[in-house]
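Those protein sequences? They're chains A and X, same order as listed. Heads up, the first sequence is in the UniProt record's numbering, so the first residue is 1 and it goes up one at a time. Heads up, the second sequence is in the UniProt record's numbering, so the first residue is 1 and it goes up one at a time. Every residue gets a Cβ at the ideal spot worked out from N, C-alpha and C, and that includes glycine. In this text, all values refer to a predicted model and were calculated from it rather than measured experimentally. Below is one structure; the comments refer to it alone.
2 protein chains.
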Amino acid sequence: MKFEPVTIKQMARDLNLGISTVSRALHDSHEISEETKKRVVAYAKKLNYIPNPIALSLREKRNKSIGIVISQFNNPFCSQVVHGMESSFYSQGYQVSIVQTDESAEKEMKAIQYLSFRVDGLLVSISSETKNIDHLKDLYEKGMPIVFYDRICADLQTHMTISDNYRGAYEATRHLLDQGCRRVAFVGGAVTQSIVQERKAGYLQALEDGGINVDPKWIHYLPKGGVHYVETEVAMDRLMRLPKNKRPDGLLTAWDKVTADAYRYLRRHDISMPGELALIGFSNFPLTDFVSPSLSVVQQQSEKLGEVAAGQLLSLLQSKRKPAKFHTEVLMPEIIIRESSSKLSSGEKEPLKVKNKD
Amino acid sequence: MKFEPVTIKQMARDLNLGISTVSRALHDSHEISEETKKRVVAYAKKLNYIPNPIALSLREKRNKSIGIVISQFNNPFCSQVVHGMESSFYSQGYQVSIVQTDESAEKEMKAIQYLSFRVDGLLVSISSETKNIDHLKDLYEKGMPIVFYDRICADLQTHMTISDNYRGAYEATRHLLDQGCRRVAFVGGAVTQSIVQERKAGYLQALEDGGINVDPKWIHYLPKGGVHYVETEVAMDRLMRLPKNKRPDGLLTAWDKVTADAYRYLRRHDISMPGELALIGFSNFPLTDFVSPSLSVVQQQSEKLGEVAAGQLLSLLQSKRKPAKFHTEVLMPEIIIRESSSKLSSGEKEPLKVKNKD
DNA sequence: TGGTTTTCCGGTAACGGTTGCGTAAATAAA
DNA sequence: TTTATTTACGCAACCGTTACCGGAAAACCA
């Protein structure tokens, strides 16, 4: 099966008219008689004619659409971000087309190449596997408007929108220390990701400010970024099998999926939270407030992040040339303290801050 | 800013060669001398030349990509389905581009129009607002390969892949009756959706088979399909404010988001599950096994559903003409009984069936 | 009647790429 | 030397659309 659309040429033949006549009739040109216009418009309507946007793209070098490159939207944070982006573009008449990279550098390259000729601008969150962004750089130098969101790439100077990962991690770690934790572990995603690095930096600083000597055994990265449960499982096994005096009593997880999987691990192994291990993690998952024990999270302003990034891209699309200055917008995540990390004040079960979604 | 890619024409001028010579050199034609080939290839590499796929599309009338139309992937079920689809296409060299409709008929029409010239085939799950699918029919009659998944549309005869919504709902309702419920309510999504209708039919049949007279007040649809919490809240309010002898003691929710929101409602209002109300709902949300009480669900084979639908589309893409017979693949969902619906055997807390994700 | 303007429409080029065909020069064969 | 063949390249058409240009016929003016 193959799609065979109606063309202007076809209609011209059927109506015994010139191609340009039909085109102009459809554009309501004053150069065409009312009668001919009516004939053409009626026929086009009957055949459900739609101008071929591919042909228009080729001519006008404009696609009226933008592309979003996402790692995996099997992740509430990502889908929330995209939701924030879409509304802005829709109101401006842009179509939005989304492509997943599945954390694979190869897929990412193909996806970007695919989109590059088909969209007018790109919103990119780099995959965790990506090391080389020469293809993006090249695209950018040839004039493609590109905005990074969430996971940035310092090699390319353009607008970016990110969360304050450093502070989010700092405050979360600080909170664990306040609860009396002295051996706080860190399980991140892929070591290559900017967000993981920033979060680790915040974590380390908080420990240093708290006068804690970090044991390298507390820090774990996940080779594939934590997409699969088994990755987190391995890291958790390593942590929980440390000798008792080295075993962590607090844990900061630095990625949504890892947070959920760490929680799953602890429940499965009957390790009590926060008793044996106090857990707080980056997460925009729904239902974290109703799991038992309820889960403390660092929750990003996902929709807002999407909106801001979309605004940046729109400004690039409208600007005549590459702007001289680039902005990095930073959004503060929300720290939501719940049971899983509340060692003190166990009498006061009320969470510190709860933000209702919807 | 505007993307200005390198063209073959540009390179031909720079190298003092004909356009066709450059083209053939890049295709390693035997008609071009080795020396010229080397010059051209080297120059193309230096400039990072990529053939314009738009131009190729226009010529070859083939896009080597397929489109997925999704309602909202802010929904684990949807993202899982898409994940299942992608892998099949990727291995066949197709790019996948995803567009959201946000349950809006208008956006859906625009999305489909946008994709129609840019992809070779379409995987569609109809939005809950859609009543008229003439544009889809027209497209289909012009030869566009289209496969429906999850939410079908009987007006258009083509391949489809769906869950056995009827049986899923039937078994779930049956389970509630087995637990001693006698007043089982139903909260669905939009009345227009095929899946909601099928699920309601299963629910009604189970009640009939159980000898229960249905009170129409037990049945609620949600105008916008339940995207926002408030919709479910209104329905739940109505249910729970019924006089005590009419108030439901069991509830089947027929859509992922509605299930989560109903659960949220019950927890917020301190209505005990399953004591006051036994809850089971369609849901592919993660973490339902760790909420307290743990949530009984009808869980669809989402990834599988995606794979099967992808296979159907691939077969359409390869077939010469419109096939004479169309297949509807039906996948049985999994009923997972947990605490929220287990009125009996409260001593035996072990869930009946638990399927670990990942 | 002859010239000018207006009306209405068609041909053609261009967007970027591939491909069939034509062709000049170089080489080989006679 | 003449002819045939090969080599190596350019021209032009095509995909669907729009824009510029040009032109026939009708209408207008003198």
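Residues from the region 2–13 of chain X in contact with chain A, defined by Cβ distance under 9 Å = Closer than 9 Å at the C-beta level to chain A, one finds these residues of the region 2–13 of chain X: K2, F3, E4, P5, V6.
List the endpoints of the continuous alpha helix (DSSP H) containing X:S116.
-> Counted as a single uninterrupted DSSP element, the alpha helix (DSSP H) harbouring X:S116 occupies residues 105–116.
Classification of A:S127 by the beta-carbon crowding that lies within 10 angstroms, buried from 16 upward | Buried.
Assuming residue 364 of chain X contacts X:E233 (C-beta within less than 8 Å), just tell me the rounded distance between them.
-> Residue coverage of chain X in this structure runs from 1 to 358, which leaves residue 364 of chain X outside it and unanswerable.
Got a sec: is the Cβ-Cβ distance from A:M144 to anything in chain X below 9 Å?
-> Yes - at least one Cβ of chain X is within 9 Å of the one on A:M144.
Can you give me the Cβ contacts of X:S340 inside the same chain, cut-off strictly under 8 Å, excluding the 5 residues immediately before and after it?
-> Cβ neighbours of X:S340 beyond the five flanking positions: Y263, M273, P274, A278, L279, I280, P293, S294, L295, S296.
Residues from the UniProt domain "HTH lacI-type" (6–60) of chain X in contact with chain A, defined by Cβ distance under 7 Å | Closer than 7 Å at the C-beta level to chain A, one finds these residues of the UniProt domain "HTH lacI-type" (6–60) of chain X: N48, I50, N52, P53, I54, A55, S57, L58.
Figure out for me which residue from A:V187, A:D215, A:R241 has the closest Cα to the Cα of A:K224.
-> Among A:V187, A:D215, A:R241, the Cα nearest to that of A:K224 belongs to A:V187.
How is X:I336 classed by DSSP in three states: helix, strand or coil?
-> Correct three-state label for X:I336: strand.
Neighbourhood of A:A105 by C-beta, 8 Å cutoff - its chain only, sequence neighbours within 5 removed = Around A:A105: S127, E129, T130, K131, N132.
Would you say A:I70 and A:I112 are within 9 Å of each other, going by their C-beta atoms?
-> Taking 9 Å as the Cβ cut-off, A:I70 and A:I112 do not qualify as a contacting pair.
Identify the continuous beta strand (DSSP E) that holds A:E329 and give its terminal residues.
-> Looking at the DSSP string, the run of the beta strand (DSSP E) that includes A:E329 is 328–331.
Tell me whether the beta-carbon of residue 368 of chain A lies closer than 9 Å to the beta-carbon of A:E329.
-> Residue coverage of chain A in this structure runs from 1 to 358, which leaves residue 368 of chain A outside it and unanswerable.
Based on Cα-Cα distance, which residue from A:K61, A:Y149, A:G210 lies nearest to X:I54?
-> Measuring from the Cα of X:I54, the nearest candidate turns out to be A:K61.
If you measure from the beta carbon of X:Y263 to each beta carbon in chain A, is any gap under 9 Å?
-> By this cut-off, X:Y263 is an interface position.
Cα separation between A:S65 and X:V81?
-> Cα to Cα, the separation comes out at about 25 Å.
Is the distance from the Cβ of X:Y229 to the Cβ of A:Q95 below 9 Å?
-> Their beta carbons are not under 9 Å apart, which means X:Y229 does not touch A:Q95 by this criterion.
Which residues of chain X have a Cβ atom closer than 9 Å to the Cβ of A:L316, listed in chain order?
-> The answer, in chain order, is M1.
At which residues does the alpha helix (DSSP H) containing X:S315 begin and terminate?
-> Going by DSSP, X:S315 is part of the alpha helix (DSSP H) stretching over 302–318.
What are the start and end residues of the alpha helix (DSSP H) that includes X:L58?
-> DSSP places X:L58 inside the alpha helix (DSSP H), whose first and last residues are 53–60.
How big is the Cα-Cα spacing for A:L15 and X:K304?
-> Approximately 49 Å between the Cα atoms of the pair.
Can you find at least 3 beta carbon pairs, one from the region 233–249 of chain X and one from the region 191–207 of chain X, that sit closer than 8 Å?
-> Contact between the region 233–249 of chain X and the region 191–207 of chain X is absent, because fewer than three Cβ pairs lie under 8 Å.
Can you tell which of X:Q301, X:E334, X:P323, X:N245 has the C-alpha that lies nearest to the C-alpha of X:F77?
-> Comparing Cα positions, the closest option is X:Q301.
Going by CA-CA distance only, name the one from X:V41, X:D261, X:I68, X:L317 that's closest to X:F148.
-> Cα-wise, what sits closest to X:F148 is X:I68.
Take A:T192 and list the residues in its own chain whose beta-carbon comes closer than 8 Å to its own, dropping the five residues that flank it on each side.
-> Within the same chain, A:T192 has close Cβ partners S128, E129, T130, K131.
How would you list, in chain order, the residues of chain A whose beta-carbon sits under 8 Å from the beta-carbon of X:R118?
-> Near X:R118 (Cβ distances below 8 Å), the residues of chain A are P53, I54, R118.
Could you pull out every residue in the same chain whose Cβ sits closer than 6 Å to the Cβ of X:T288, ignoring the five residues on either side in sequence?
-> The residues are L295, V297.
Per DSSP, the bridge partner or partners of X:S65 = Beta-bridge pairing links X:S65 to X:Q95.
Cross-chain neighbours of A:D138 in chain X, by beta carbon under 7 Å | Result: N48.
Three-state secondary structure (DSSP) of X:M240 | Helix at X:M240.
Quick one, are the C-beta atoms of A:R174 and A:D249 less than 9 Å apart?
-> Result no, Cβ atoms of A:R174 and A:D249 do not sit closer than 9 Å.
Is the beta carbon of A:K200 sitting closer than 9 Å to the one on A:A169?
-> Taking C-beta atoms as the reference points, A:K200 and A:A169 count as a pair closer than 9 Å.
Please report how far the alpha carbon of X:R118 lies from the alpha carbon of A:L123, in whole angstroms.
-> Cα to Cα, X:R118 sits roughly 20 Å from A:L123.
Proximity winner among X:N52, X:V41, X:F282, X:N245, relative to X:C181 (alpha-carbon distances) | Of the listed residues, the one whose Cα sits closest to X:C181 is X:N245.
Tell me, please, whether the CB atom of A:Q193 is closer than 9 Å to any CB atom in chain X?
-> Among the CB atoms of chain X, none fall inside 9 Å of the CB of A:Q193.
Give the secondary structure of X:M160 by DSSP, where H, G and I count as helix, E and B as strand, and everything else as coil.
-> Looking at X:M160 - three-state DSSP - the assignment turns out to be strand.
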